[in-house]
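Worksheet: one structure, shown below.
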Amino acid sequence: MTQATRKTWIVRGAIAVVVVAGGFMLWSTLQPKGLPEGIVAGNGRLEAVEIDIAAKTPGRIRDIVAAEGQLVKAGDVVALMDTETLKAQLAEAQAGLAQRVNAVQIAETQVGQRQSEYAAALATVRQREAELNAARKRLARSETLAREGATPAQERDDNLADVQGAAATVEAARAQLASSKAGIEAARGQVIGARSNVDAARATITRIEADISDSELRAPRGGRIQYRVAQPGEVVAGGGRVMNLVDLTDVYMTFFLPETVAGRVAIGSEARIVLDAAPDRIIPAKISYVADVAQFTPKTVETQSERQKLMFRLRAQIDPALLARHVAQVKTGLPGMAYVRIDPKAPWPEDLAKAKKD
Numbered sequence: 008m009t010q011a012t013r014k015t016w017i018v019r020g021a022i023a024v025v026v027v028a029g030g031f032m033l034w035s036t037l038q039p040k041g042l043p044e045g046i047v048a049g050n051g052r053l054e055a056v057e058i059d060i061a062a063k064t065p066g067r068i069r070d071i072v073a074a075e076g077q078l079v080k081a082g083d084v085v086a087l088m089d090t091e092t093l094k095a096q097l098a099e100a101q102a103g104l105a106q107r108v109n110a111v112q113i114a115e116t117q118v119g120q121r122q123s124e125y126a127a128a129l130a131t132v133r134q135r136e137a138e139l140n141a142a143r144k145r146l147a148r149s150e151t152l153a154r155e156g157a158t159p160a161q162e163r164d165d166n167l168a169d170v171q172g173a174a175a176t177v178e179a180a181r182a183q184l185a186s187s188k189a190g191i192e193a194a195r196g197q198v199i200g201a202r203s204n205v206d207a208a209r210a211t212i213t214r215i216e217a218d219i220s221d222s223e224l225r226a227p228r229g230g231r232i233q234y235r236v237a238q239p240g241e242v243v244a245g246g247g248r249v250m251n252l253v254d255l256t257d258v259y260m261t262f263f264l265p266e267t268v269a270g271r272v273a274i275g276s277e278a279r280i281v282l283d284a285a286p287d288r289i290i291p292a293k294i295s296y297v298a299d300v301a302q303f304t305p306k307t308v309e310t311q312s313e314r315q316k317l318m319f320r321l322r323a324q325i326d327p328a329l330l331a332r333h334v335a336q337v338k339t340g341l342p343g344m345a346y347v348r349i350d351p352k353a354p355w356p357e358d359l360a361k362a363k364k365d
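Just so you know, we're using the working numbering here: the sequence shown kicks off at 8 and counts up by one.
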């Protein structure tokens with residue numbers, strides 16, 4: 008490393024130290040007065056988990072049932088999609104199912120016919136084999152008599168021709184039997200294919216019925232309808248947003264602390280939230296998140312100079328049970344202060360000690 012490079016790194020390091028120290032000093036001057044050692048604070052706003060209620064399939068919005076600001080429970084219907092097209096598709100699928108069921112019955116009948124043909128062919132083979140055996144016996148007798156001179160040679164020749172003809176007839180009957188057996192297998196294959204078509208038709212009906220059921224847009228969680236994204240009569244694509252819901256049992260305050268302080272905050276640390284709108288009410292909370300990367304603080308946190316300093320984002324989570332008891336009063340976006348106890352042994356100041364948990 009050259010001397011010039013070494014000087015550059017020294018200058019950069021000095022600047023970084025000055026920036027961090029300056030940020031900490033500025034943050035310290037912005038801290039509420041009178042906080043004891045082990046208690047730090049940062050300002051922020053209440054936030055909540057937002058959920059988009061969307062249409063599963065493309066279509067036209069028939070009606071929006073829930074109003075903006077309305078509290079809903081999980082499973083409540085909040086909007087209705089038009090189902091006329093789906094109902095027509097369902098009727099078509101049901102008719103197709105009836106045709107496929109009929110095709111199965113026809114295919115099964117064909118199997119029965121092929122089995123009957125096989126049985127007839129088998130009987131024919133046995134008959135032809137019996138005729139062949141009889142012809143062979145007649146030939147054997149005529150050959151014996153011909154050798155003794157008791158019968159003319161012509162009779163022996165005729166019996167030989169009968170044996171040869173009977174043997175050919177047996178081969179033809181056996182070929183017909185094999186063809187009948189192959190016909191049974193082909194008919195059974197048609198039955199399997201027809202039954203598969205029935206299963207496919209039933210699956211189509213199930214899918215369409217599910218789409219019709221999904222045309223009733225329901226709240227996935229309890230909460231408050233925050234705003235509409237679309238209006239009745241509008242056409243939305245599959246996955247298109249219709250409404251926005253806030254889960255009022257998952258509310259937290261996001262705030263920022265400098266590195267020297269944020270590094271001492273543990274997940275689960277006890278916290279207090281004081282809202283500007285209700286300074287006399289102390290809300291208990293716990294730290295549920297500490298960022299692992301510093302960032303420039305957003306515009307709403309402090310002054311412009313403060314936003315120029317890198318800070319760490321934290322989240323103070325409010326107890327869901329407490330929120331559920333006061334769900335009608337819960338409002339997101341309210342500004343306030345979050346106080347964190349970075350030293351478990353440090354006592355809360357008197358004005359923060361009496362957190363209301365009811």
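For every residue, glycine included, the Cβ atom is placed at its ideal position computed from N, Cα and C.
- Query: Which residues in the same chain as residue 152 place their Cβ atom closer than 7 angstroms to its Cβ, once the five residues preceding and following it in sequence are excluded?
  - Reply: 158
- Kindly indicate the opening and closing residues of the alpha helix (DSSP H) around residue 106. 91 to 155
- Query: What are the complete alpha helix (DSSP H) segments, minimum 4 residues, inside the region 244 to 315?
  - Reply: 266 to 269 and 311 to 314
- Task: Taking residue 53 and residue 344 to be in contact with their CB atoms under 8 angstroms, please state how far apart those CB atoms are, rounded to whole angstroms.
- Result: So it is not a contact: roughly 12 angstroms between Cβ atoms.
- Task: From the DSSP output, in three-state form, read off residue 21 for me.
- Result: Model confidence at residue 21 stands at a pLDDT of 45, short of 50, so the residue's coordinates are unreliable; what they give is reported in the following sentence. Helix, per DSSP.
- Give the straight-line distance between the Cα atoms of residue 28 and residue 288, rounded to the nearest whole angstrom. For residue 28, the predicted model reports a pLDDT of 43, less than 50, meaning its position is unreliable; a value from the coordinates is still stated below. If you draw a straight line from the Cα of residue 28 to the Cα of residue 288, it comes to about 34 angstroms.
- Item | Run of the beta strand (DSSP E) containing residue 229, from where it starts to where it stops | It is not in any beta strand (DSSP E) - residue 229 carries neither H nor E in the DSSP assignment.
- Task: Return helix, strand or coil for residue 47, following the three-state DSSP convention.
- Result: strand
- Message: Please classify residue 262 as buried or exposed, where buried requires at least 16 neighbouring CB atoms within 10 angstroms.
- Response: buried
- Query: Alpha carbon to alpha carbon, what distance is there between residue 62 and residue 26?
  - Reply: Reliability fails at residue 26, whose pLDDT of 40 lies under 50, so the model's placement of it is uncertain and the value that follows must be treated cautiously. Roughly 49 angstroms between the two C-alpha positions.
- Task: Give me the Cα-Cα distance between residue 126 and residue 170, rounded to the nearest whole angstrom.
- Result: If you draw a straight line from the Cα of residue 126 to the Cα of residue 170, it comes to about 25 angstroms.
- Excluding five sequence neighbours on each side, which residues of the same chain lie with their C-beta closer than 6 angstroms to the C-beta of residue 56? 254 and 257
- Task: Measuring alpha carbon to alpha carbon, tell me which of 69, 328 and 216 ends up nearest residue 240.
- Result: 69
- Query: In the structure shown, what three-state DSSP assignment does residue 54 receive?
  - Reply: strand
- Query: When we look at the beta-carbon of residue 135 and count the other beta-carbons within 10 Å, is it buried (16 or more) or exposed?
  - Reply: Result: buried.
- Message: Applying the 10 Å Cβ sphere with the 16-neighbour rule, what's the burial state of residue 21?
- Response: Note on residue 21: pLDDT 45, under 50, position unreliable in the model; the coordinate value appears next. With fewer than 16 Cβ atoms within 10 Å of its Cβ, residue 21 is classed as exposed.
- Message: Short of 6 angstroms in beta carbon distance, which residues of its chain neighbour residue 66, apart from the five on each side in sequence? Order them along the chain.
- Response: Contacts found: 88 and 89.
- Message: What would DSSP say about residue 183, mapped onto helix, strand or coil?
- Response: DSSP places residue 183 in helix when its eight states are reduced to three.
- Can you tell me whether DSSP reads residue 6 as helix, strand or coil? Since the displayed the chain opens at 8 and closes at 365, residue 6 lies outside it and no answer follows.
- Indicate whether residue 374 and residue 282 have their beta-carbon atoms separated by less than 7 angstroms. Nothing in the structure corresponds to residue 374, since the chain is present only between 8 and 365.
- Between the C-alpha atoms of residue 156 and residue 149, what's the straight-line distance to the nearest angstrom? 10 angstroms
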